[in-house]
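In the numbering used here, the protein residues as written are 116 to 164. Here a beta-carbon is modelled for each residue, glycine too, at the ideal position from N, C-alpha and C.
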């Protein structure tokens, strides 16, 4: 799984209509360990499942 695609998809999901689910979001930590924390710090409504 490509961590870059996970992060790009997560950012794209922020502007998508409705809910989105990104599988294997934990792979973002490969190159950006604080990605989830950064997203929540900008009030992105994301949840780890």
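In the displayed model, residue 137 falls within coil according to three-state DSSP, outside both helix and strand. Cα atoms of residue 164 and residue 141: separation of roughly 10 Å, rounded to the nearest angstrom. When DSSP states are grouped into helix, strand and coil, residue 129 belongs to the coil group. In the three-state DSSP reduction, residue 156 falls in the helix class (H, G or I).
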